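A.B. asks: Have a look at this one.
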DNA sequence: CATGAATGAGTGTTCATTCAT
DNA sequence: AATGAATGAACACTCATTCAT
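Residue numbers (the working numbering), protein chains in the order written: chain A, 37 to 247; chain B, 37 to 247; chain C, 37 to 247; chain D, 37 to 247.
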């Protein structure tokens with residue numbers, strides 16, 4: 037039922053750089069990725085230099101370039117790591133709520149979306165605003181997310197009013213869920229609780245679906 | 037009736053840099069801002085160096101620093117220019133539709149939002165994704181936009197169901213209008229016309245407001 | 037009578053790097069070129085880094101790159117400077133000995149060749165053996181030198197035995213003069229004086245011409 | 037009759053590196069040397085990195101350093117391999133033409149010189165122009181070549197005009213043969229056939245010897 | 001005010017070499 | 001001996017910024 041999800045990969049622009057195949061290699065990749073996060077949060081984007089990354093990751097700069105063809109690839113991998121996590125969550129919810137109503141599924145999706153970003157809001161805010169995101173994997177992600185919602189809505193067409201256009205629905209719902217979840221977490225006014233904001237997001241999505 | 041709108045300003049981190057007060061000064065500032073746009077679109081963010089900017093603007097690098105304390109200020113000013121334009125549009129709509137129903141006003145706002153970005157979609161997409169936006173003026177803008185919507189909704193409280201919380205409404209509506217307008221323009225699937233997408237955005241906002 | 041000699045130029049691979057046009061600019065270019073020579077002789081090719089060059093030249097590394105598109109261009113310019121000098125010498129000899137016999141001209145050419153390198157034999161030995169010479173200007177030089185000798189020999193065809201092929205003559209004589217002059221200066225056995233070596237080179241060239 | 041020829045050796049700057057003594061060792065050394073040639077011709081000097089060499093040679097980088105103390109030693113060995121070949125050729129000609137006249141011997145020497153480089157002209161051009169040649173083994177070679185010609189000329193002193201200085205003769209002839217052979221192969225103008233150029237080189241050498 | 005040559009700290013990246021396995 | 005992941009010194013080069021003219 038869930039579409040096959042491609043496993044996370046470093047992008048393979050420069051094919052002579054070998055992919056991590058061994059235990060130690062994976063450790064290095066993760067160490068570097070964690071280092072980006074740490075430096076990003078503690079010192080800001082401008083401090084994210086490849087040499088600083090190596091230092092914080094506790095590996096040599098040469099090792100960094102053993103696994104990443106260039107600096108951009110590090111950011112791409114970081115984005116990918118996040119995207120994969122969201123993707124996994126979405127697939128899980130889809131399966132878990134295969135038998136649920138549209139309302140329940142949407143609620144679960146929004147919950148999942150907010151939860152996924154709650155783990156480290158600061159990081160995800162930084163990723164979204166400060167770290168350059170080329171169209172690379174981000175596009176793929178949008179497509180995948182879109183696909184998931186299309187699947188969910190198609191399977192529940194009977195719950196929708198007659199004559200609703202599935203393309204329009206998918207487009208609006210996907211964007212609402214994504215952007216309002218972000219907003220609830222990152223841009224909600226201080227006097228609004230997260231729970232209240234979340235409830236309101238759910239209300240908005242359902243109101244649209246049932247309109 | 038309209039909240040006082042602060043005039044556009046270069047941010048004044050370094051106070052010894054004087055504001056443009058003369059004809060020629062304004063010309064330089066605009067020339068530089070236009071140069072950013074041109075270089076951004078033709079050569080990408082990486083090509084946006086202060087020296088290239090000066091060259092394309094047809095002024096000396098020294099002159100650039102006469103009006104901008106540093107490179108970041110150029111980006112801020114560019115964002116500001118866009119923000120001011122949106123701001124102006126919002127105020128105008130608010131005045132024009134002072135007597136309109138909530139539905140009509142929302143429709144007008146979404147129209148205005150999309151129109152404002154339609155002028156140069158490529159640019160605004162670049163501004164949003166490639167040009168670093170510090171919390172600087174962006175925060176101010178969010179606050180102003182928020183304020184405008186709060187005003188509009190407060191004045192039409194009678195059209196809303198009883199017991200709706202104004203903070204929640206403002207939060208959701210503001211974010212929906214902004215992000216869905218962007219999405220309609222930049223991330224709409226190819227088989228969806230702009231008109232159809234726009235209509236659906238309106239539908240979503242109104243469905244929420246009337247829920 | 038002498039073919040028009042193109043003035044020395046930095047090679048213009050990367051056209052956005054402006055050519056030196058002013059007094060100060062020329063000083064910088066020369067300072068850098070002199071620095072290469074100094075570092076080359078005192079510390080070896082491996083010590084010739086762009087930063088060391090800037091340091092020794094007494095200019096900033098930025099200034100170096102204001103006038104040279106990359107490191108290779110510095111070497112090319114250095115070779116060019118030498119080549120131009122030889123070229124100038126050759127043209128001069130050609131003019132000065134316009135009325136001389138072939139024997140006298142050849143003697144003068146060999147003299148000139150050796151003198152030109154005598155000024156700083158160590159440098160020219162380094163240039164020839166240690167400094168990478170791409171086909172760039174070196175090819176042009178070979179052609180120009182070839183042309184000069186062709187001119188000289190053609191004009192004295194009557195001094196040559198009937199049936200000698202001018203192409204063959206030019207080829208052999210040009211290469212003999214160049215390589216034997218170098219050899220006389222750089223590879224002559226210690227018990228051979230420069231004067232004796234030079235005399236022998238002349239003898240060899242004339243023997244061939246008169247054969 | 038032939039002077040004792042030192043056997044080919046890797047230069048022994050770092051004495052703890054053992055000489056190749058076994059079958060497999062020789063294979064590695066040769067594989068590396070062949071790899072240099074291949075990379076040099078296909079990808080240029082800049083691509084000749086020790087790691088690339090190991091890769092192309094099909095051995096590990098560690099093995100490369102088992103047999104070569106450093107990168108320079110690889111180049112030295114490559115030059116040496118060429119030099120030894122020339123050396124062998126020279127000795128052979130000397131023996132073969134022990135009873136020949138000076139003219140015949142010179143002709144044979146020039147033939148041999150050109151033939152030796154004809155096998156792979158591209159390679160020898162690259163070796164001469166792109167691959168750094170320290171004074172290391174090159175000096176030895178010059179001395180050996182010199183020695184061979186001295187031997188040949190001394191033994192045929194009776195064929196020479198009285199009063200010719202053997203040092204001068206050896207110096208000029210050695211350099212003529214070497215540089216003109218190279219020129220005939222690498223720098224001959226296109227409209228000159230190799231045969232014609234070779235004939236002319238012979239003519240030049242003999243003209244000098246008989247002058 | 002305008003100019004643009006000069007600056008130089010700092011960046012991404014390479015690659016010869018080592019050494020634990 | 002062989003391996004190849006790891007190392008890190010060193011390099012070429014950029015570009016925001018300054019300041020003498």
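Idealized CB from N, CA, C, for every residue including glycine.
Fair warning: this is a prediction, and the values are worked out from it, not measured in the lab.
List, in order along the chain, the chain D residues whose C-beta lies closer than 7 Å to that of residue 193 of chain C?
C.D. replies: Near residue 193 of chain C there are no residues of chain D at all, since even the closest Cβ is about 17 Å away, more than 7 Å.
A.B. asks: Under 8 Å, with one C-beta from each stretch per pair, do the segment 183-202 of chain B and the segment 208-224 of chain A reach the 3-pair mark?
C.D. replies: No: the two stretches stay apart, fewer than three of their Cβ pairs being nearer than 8 Å.
A.B. asks: Counting contacts by CB-CB distance shorter than 8 Å, is residue 105 of chain A in contact with chain B?
C.D. replies: No, no contact with chain B.
A.B. asks: Please go through the same chain and pick out, in chain order, the residues whose beta-carbon is closer than 6 Å to the beta-carbon of residue 224 of chain B, but skip the five residues on each side of it.
C.D. replies: Cβ neighbours of residue 224 of chain B beyond the five flanking positions: 233.
A.B. asks: Answer with buried or exposed for residue 184 of chain B, where buried requires no fewer than 16 other C-beta atoms within 10 angstroms of its C-beta.
C.D. replies: Buried is the call here.
A.B. asks: Closer than 7 Å by C-beta to residue 75 of chain C: which residues in its own chain qualify, once you throw out the five before and the five after it? Chain order, please.
C.D. replies: So the list reads 83, 84, 88, 89, 92, once near-sequence residues are dropped.
A.B. asks: Can you tell which of D:67, D:242, D:122 has its C-alpha closest to the C-alpha of residue 176 of chain D?
C.D. replies: Residue D:122 is the option with its Cα nearest to residue 176 of chain D.
A.B. asks: What are the residues of the segment 225-247 of chain B that lie near chain A, defined by any Cβ-Cβ distance shorter than 9 Å?
C.D. replies: Those residues of the segment 225-247 of chain B that come within reach of chain A (Cβ to Cβ, closer than 9 Å) are 225, 227, 228, 232, 233, 235, 236, 237, 239, 240, 241, 242, 243, 244, 245, 246, 247.
A.B. asks: Measuring CB to CB, does residue 304 of chain B end up less than 8 Å from residue 189 of chain B?
C.D. replies: Within the shown structure, residues of chain B are numbered from 37 to 247, placing residue 304 of chain B beyond reach of any answer.
A.B. asks: Taking residue 112 of chain A as the reference, give the member of A:162, A:174, A:145, A:161 with the closest Cα.
C.D. replies: Closest by alpha carbon: A:174.
A.B. asks: Rounding to the nearest angstrom, what Cα-Cα distance links residue 96 of chain B and residue 102 of chain B in this structure?
C.D. replies: Cα-Cα distance, rounded: 10 Å.
A.B. asks: How close, in whole Å, do the beta carbons of residue 119 of chain D and residue 72 of chain D come, if the pair is a contact with beta carbons under 8 Å?
C.D. replies: The pair is not a contact, with the Cβ atoms about 15 Å apart (cut-off 8 Å).
A.B. asks: Using a Cβ-Cβ cut-off of 8 Å, state whether residue 215 of chain A counts as contacting chain B.
C.D. replies: At least one chain B Cβ lies under 8 Å of residue 215 of chain A.
A.B. asks: Within a Cβ cutoff of 7 Å, which residues of the same chain sit near residue 125 of chain A, ignoring the five residues on either side of it in sequence?
C.D. replies: So the qualifying residues of the chain are 148, 152.
A.B. asks: Counting only beta-carbon separations shorter than 8 Å, does residue 197 of chain D have a partner in chain C?
C.D. replies: For residue 197 of chain D, the answer is no, since every Cβ of chain C falls outside 8 Å of its Cβ.
A.B. asks: How far does the alpha helix (DSSP H) with residue 93 of chain A in it reach, from first residue to last?
C.D. replies: From DSSP, the alpha helix (DSSP H) with residue 93 of chain A extends over 86-93.
A.B. asks: Among D:221, D:137, D:182, which one has its Cα closest to the Cα of residue 162 of chain D?
C.D. replies: Nearest option by C-alpha distance: D:221.
A.B. asks: Output the residue ranges of the alpha helix (DSSP H) runs that lie fully inside the segment 152-206 of chain D and measure 4 residues or longer, sorted by chain position.
C.D. replies: With a minimum length of 4 residues, the continuous alpha helix (DSSP H) runs that stay inside the segment 152-206 of chain D are 157-165, 171-190.
A.B. asks: Quick check on the DSSP output: the alpha helix (DSSP H) that includes residue 22 of chain C runs from which residue to which?
C.D. replies: What the structure shows of chain C is the stretch from 37 to 247, and residue 22 of chain C is not part of that stretch, so it cannot be assessed.
A.B. asks: Quick one: give me the first and last residue of the alpha helix (DSSP H) that residue 109 of chain A is part of.
C.D. replies: First-last of the alpha helix (DSSP H) with residue 109 of chain A: 107-132.
A.B. asks: For the alpha helix (DSSP H) holding residue 137 of chain B, just list the boundary residues, first then last.
C.D. replies: First-last for residue 137 of chain B: undefined, no H or E at that position.
A.B. asks: Which residue marks the beginning of the alpha helix (DSSP H) containing residue 98 of chain D, and which one marks its end?
C.D. replies: Here the alpha helix (DSSP H) through residue 98 of chain D covers 97-103.
A.B. asks: For a cutoff of 8 Å on Cβ pairs, would you count residue 142 of chain B as touching chain A?
C.D. replies: No - not a single Cβ of chain A is within 8 Å of the one on residue 142 of chain B.
A.B. asks: Do residue 241 of chain C and residue 150 of chain C have their C-beta atoms within less than 8 Å of each other?
C.D. replies: No; because the gap between Cβ atoms is not below 8 Å, this pair is not in contact.
A.B. asks: With 8 Å set as the bound, which would you pick, yes or no: does the beta-carbon of residue 260 of chain B sit closer than that to a beta-carbon of chain A?
C.D. replies: Only positions 37 to 247 of chain B appear in this structure, which leaves residue 260 of chain B out of reach.
A.B. asks: Cβ atoms of residue 247 of chain B and residue 243 of chain A: under 8 Å apart, would you say?
C.D. replies: Yes. Within cutoff.
A.B. asks: Residue 198 of chain A: which of A:99, A:245, A:67, A:129 sits nearest, CA to CA?
C.D. replies: Measuring from the Cα of residue 198 of chain A, the nearest candidate turns out to be A:245.
A.B. asks: For residue 67 of chain D, which residues in the same chain have their Cβ closer than 8 Å to its Cβ, ignoring the five residues on either side in sequence?
C.D. replies: Excluding sequence neighbours, residue 67 of chain D sits near 93, 94, 95.
A.B. asks: How about residue 139 of chain B and residue 228 of chain A: are their beta carbons less than 8 Å apart?
C.D. replies: No.
A.B. asks: Under 7 Å Cβ to Cβ from residue 158 of chain D, same chain only, skipping five residues before and after it: list those, please.
C.D. replies: Excluding sequence neighbours, residue 158 of chain D sits near 77.
A.B. asks: Give a yes or no on whether the minimum CB-CB distance between residue 124 of chain A and chain B is below 8 Å.
C.D. replies: No, because no Cβ of chain B sits closer than 8 Å to the Cβ of residue 124 of chain A.
A.B. asks: For residue 165 of chain B, decide whether its Cβ has a neighbour in chain A, counting only Cβ atoms nearer than 8 Å.
C.D. replies: Yes, residue 165 of chain B counts as interfacial toward chain A.
A.B. asks: Could you tell me whether the Cβ of residue 111 of chain D comes closer than 8 Å to any Cβ of chain C?
C.D. replies: It does not; no Cβ of chain C falls within 8 Å.
A.B. asks: Using 10 angstroms around the beta-carbon of residue 63 of chain B, count the other beta-carbons present and answer buried if the total reaches 16, otherwise exposed.
C.D. replies: Burial call: exposed.
A.B. asks: For residue 224 of chain B, which three-state DSSP category applies?
C.D. replies: Three-state DSSP puts residue 224 of chain B in coil, outside helix and strand.
A.B. asks: Hey, is residue 91 of chain B's beta-carbon within less than 8 Å of any beta-carbon in chain A?
C.D. replies: By this cut-off, residue 91 of chain B is not an interface position.
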